[in-house]
Amino acid sequence: MIRELRSRFNRSFQPEAYPRLLAGLQRRCGVEVGFRVAETPVFMPLGLIEQMAAAGAELAGALIADDQYMSAAQLAIPAEFRVAGPTAHPNFLTADFALVHDRHGALSPRLVEIQAFPSVYAYQAVLCAAYRETYGLGQELGHFLGGLDEREYWSLLKKTVVGGHDPENVVLTEIDPGRQKTRADFEVTAQRLGIAVVDIRDLESAGDRLHYRNRGGKLVPIDRIYNRAIADELVARGMKLPFDLTRPWEVEWAGHPNWYFLISKFSIPWLSRPPLRNAVVPPAVLVSEFLEGNGRRDLEAAGVELPKETGPETVYNEVLLKPLFSFAGKGIEFEPTRARLEEIPPEQRTRFLLQQRMHFVPTIETPFGLTQAEIRILYLWPDGGALTPVLPLVRLGRGKMMGVDHNRDQEWVGGSAAFYPLAASRQASE
Numbered sequence: 017m018i019r020e021l022r023s024r025f026n027r028s029f030q031p032e033a034y035p036r037l038l039a040g041l042q043r044r045c046g047v048e049v050g051f052r053v054a055e056t057p058v059f060m061p062l063g064l065i066e067q068m069a070a071a072g073a074e075l076a077g078a079l080i081a082d083d084q085y086m087s088a089a090q091l092a093i094p095a096e097f098r099v100a101g102p103t104a105h106p107n108f109l110t111a112d113f114a115l116v117h118d119r120h121g122a123l124s125p126r127l128v129e130i131q132a133f134p135s136v137y138a139y140q141a142v143l144c145a146a147y148r149e150t151y152g153l154g155q156e157l158g159h160f161l162g163g164l165d166e167r168e169y170w171s172l173l174k175k176t177v178v179g180g181h182d183p184e185n186v187v188l189t190e191i192d193p194g195r196q197k198t199r200a201d202f203e204v205t206a207q208r209l210g211i212a213v214v215d216i217r218d219l220e221s222a223g224d225r226l227h228y229r230n231r232g233g234k235l236v237p238i239d240r241i242y243n244r245a246i247a248d249e250l251v252a253r254g255m256k257l258p259f260d261l262t263r264p265w266e267v268e269w270a271g272h273p274n275w276y277f278l279i280s281k282f283s284i285p286w287l288s289r290p291p292l293r294n295a296v297v298p299p300a301v302l303v304s305e306f307l308e309g310n311g312r313r314d315l316e317a318a319g320v321e322l323p324k325e326t327g328p329e330t331v332y333n334e335v336l337l338k339p340l341f342s343f344a345g346k347g348i349e350f351e352p353t354r355a356r357l358e359e360i361p362p363e364q365r366t367r368f369l370l371q372q373r374m375h376f377v378p379t380i381e382t383p384f385g386l387t388q389a390e391i392r393i394l395y396l397w398p399d400g401g402a403l404t405p406v407l408p409l410v411r412l413g414r415g416k417m418m419g420v421d422h423n424r425d426q427e428w429v430g431g432s433a434a435f436y437p438l439a440a441s442r443q444a445s446e
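According to our numbering, the residues represented by the sequence shown are 17 to 446, in order.
What follows is the structure, given as structure tokens:
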């Protein structure tokens with residue numbers, strides 16, 4: 017997006033550099049990365065990144081401060097995932113943005129989704145370092161946000177995950193972590209923070225405490241859990257945990273599980289209409305509202321183009337059908353039909369969203385043509401601290417879907433990182 021930097025990178029790129037990038041990543045992570053890594057980082061104006069970072073923080077703050085929204089979101093948490101000991105705010109937040117053309121033709125961010133759940137915080141910092149090393153990116157380019165440097169970033173991540181506990185008594189939990197695509201992030205997290213990575217199904221209870229077995233087989237009490245196990249995956253795989261998730265255990269959560277539901281796609285209809293309406297949020301309604309209420313009228317009033325109803329075969333080209341509590345793009349459907357909407361059982365229609373489709377503007381020049389970018393802003397919010405944007409994560413793609421799983425058979429696409437000229441940062445602070 018910064019033409020001079022993009023052109024310079026493309027001119028100097030050598031194909032043999034990409035295997036070096038992957039090898040360097042594997043060396044830093046200790047394991048092979050389980051998803052496609054893009055050959056290139058992106059170069060963005062700091063002002064555009066900060067615009068997205070400010071928007072995500074503003075949206076999260078508005079949701080948390082709105083009692084009506086929070087009450088409705090609490091009711092949306094399935095009973096079996098309503099965990100005791102709720103916290104005043106999430107420890108982790110991600111906000112995904114598309115870049116579209118506004119009415120003046122300028123690039124403008126639009127929210128894709130917002131989620132109070134951890135992302136690949138450790139891996140993303142390592143990816144930035146690998147790009148910098150492989151391609152000789154100079155110190156005149158920055159990648160951390162919130163005024164952080166590398167030392168401060170890892171310190172804030174440790175404060176958020178570990179809190180004031182001994183790392184031996186803190187665990188990262190996931191379902192079968194050794195087989196997850198995000199294993200590289202788990203490994204770097206364990207290396208840098210000194211915590212154990214444990215299958216959530218292997219936790220053991222005794223009294224009011226949860227425990228894990230360390231590598232020597234010793235039973236170790238857990239003071240704090242960095243939870244990476246997604247409720248949607250537990251449901252989809254029909255898994256039962258060996259302990260009651262809803263019981264008030266003597267444990268802290270780094271990322272209390274309730275926040276997965278409280279700030280999620282469930283919030284998007286609320287953020288796209290008064291009193292929480294924000295211009296960065298595309299119009300959206302629940303399927304129940306569309307089929308049984310004023311949802312169609314509301315979408316049209318917001319400028320969404322909808323076809324005349326002709327029966328079950330009617331195709332809605334300008335909206336996406338999304339399950340509210342899925343993750344990583346799972347379950348998203350393009351161009352849903354009236355028949356598809358009506359086949360959703362009435363009691364489940366409040367768990368699906370119709371959102372205006374955003375047409376990503378291809379902005380990244382590559383040897384394979386212009387490529388689209390989705391930008392995720394990663395935030396940390398330690399206990400007793402402030403919500404801080406810390407890193408941008410980028411997905412590059414040339415298809416309908418931007419997730420790395422949807423761009424595996426192409427080149428110059430996949431997971432990437434954003435760099436910005438530090439000169440702009442220094443000028444802004446003067």
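All residues carry an ideal CB built from backbone N, CA and C; glycine is no exception.
Proximal residues to residue i (C-beta, below 8 Å), its chain only, five neighbours per side dropped
i, result
"ARG199", "VAL47, GLY50 and PRO193"
"SER445", "Interpretation of SER445 is limited by its pLDDT of 43, a score under 50 that renders its predicted location unreliable; the figure taken from the coordinates is listed afterwards. Hits under 8 Å: none found."
"GLY385", "PRO378 and ARG414"
Assumed close pair residue i, residue j - CB separation to whole angstroms, cut-off 8 Å
i, j, result
"TRP428", "GLU55", "5 Å"
"ARG126", "PRO298", "5 Å"
"ALA33", "TYR151", "7 Å"
"VAL187", "TYR228", "5 Å"
"GLU266", "ASP224", "5 Å"
"GLU325", "ARG354", "7 Å"
"TYR85", "LEU292", "7 Å"
"ALA145", "ARG44", "7 Å"
C-beta contact flag for residue i and residue j at 7 Å
i, j, result
"ALA206", "VAL213", "yes"
"LEU109", "ALA76", "yes"
"ASP201", "ARG392", "no"
"LEU369", "PRO352", "no"
"VAL406", "GLY162", "yes"
"LEU412", "ALA389", "yes"
"VAL53", "VAL142", "no"
"LEU209", "VAL177", "yes"
"LEU79", "SER280", "no"
"LYS175", "PRO398", "yes"
"TYR147", "PRO57", "yes"
"PRO102", "ASN274", "yes"
"ALA88", "PHE277", "no"
"GLY158", "TYR436", "yes"
"VAL60", "THR379", "In the sequence as presented, Val is not what sits at residue 60; that position holds Met. No, these two residues do not count as a Cβ contact at 7 Å."
"ARG3", "GLU329", "Absent from the model: residue 3. The displayed extent of the chain is 17 to 446, so no value can be given."
"TRP438", "GLU156", "Before going further, note that residue 438 is Leu rather than Trp in the sequence given. Contact: yes."
"LEU396", "LEU172", "yes"
Neighbourhood of residue i by C-beta distance below 6 Å, restricted to the same chain and skipping five residues each side
i, result
"GLY311", "VAL301 and GLU305"
"ALA245", "THR189, GLU190, ILE191 and ILE216"
"THR366", "LEU302 and SER304"
"SER342", "ASP248"
"THR382", "TRP428"
"ASN26", "none"
"LEU226", "LEU219, ILE238, TRP265 and VAL267"
"GLU349", "LEU337"
"HIS117", "VAL377"
"LYS197", "GLY50 and PHE51"
"SER288", "VAL297, PRO299 and ALA300"
"GLU166", "none"
"LEU21", "PHE59"
Beta-carbon proximity list for residue i, same chain, < 7 Å, skipping 5 on both sides
i, result
"ALA67", "Note that residue 67 is Gln in the sequence shown, not Ala. Taken in chain order, the residues that qualify are PRO125."
"ASN230", "ALA212 and VAL236"
"VAL296", "ALA71, PRO125, ARG126 and LEU127"
"LEU153", "TYR147 and PHE435"
"HIS105", "ILE80 and TRP397"
Exercise for review: Determine contact between the stretch 358-373 and the stretch 298-316, defined as no fewer than three beta-carbon pairs at a distance below 8 Å.
Suggested key: yes
Check your understanding: In chain order, which alpha helix (DSSP H) runs of at least 4 residues are fully inside the stretch 165-215?
Key -> 166-178 and 199-209
Check your understanding: Do three or more CB pairs link the stretch 252-263 to the stretch 97-106 at distances below 8 Å?
Key -> yes
Check your understanding: Does the count of Cβ pairs from the stretch 62-82 and the stretch 397-405 closer than 8 Å reach three?
Key -> Cβ pair count under 8 Å is three or more, so yes.
Practice item. Report yes or no: do three or more beta-carbon pairs, one from the stretch 316-335 and one from the stretch 130-144, lie closer than 8 Å? Key: no
Check your understanding: Hey, is the stretch 236-246 in contact with the stretch 266-274, meaning 3+ C-beta pairs nearer than 8 Å?
Key -> yes
Exercise for review: May I have a chain-ordered list of the beta strand (DSSP E) segments no shorter than 3 residues that lie completely inside the stretch 250-297?
Suggested key: For the stretch 250-297, whole beta strand (DSSP E) runs of length 3 or above, ordered along the chain, are 268-270.
**Study point:** Completely contained beta strand (DSSP E) runs for the stretch 108-164, where each covers 3 or more residues
**Key:** 108-117 and 123-131
Review point. Considering only residues of the stretch 57-92, which uninterrupted alpha helix (DSSP H) runs meet the minimum length of 4 residues and lie entirely inside it, listed in chain order?
Key: 62-81 and 83-91
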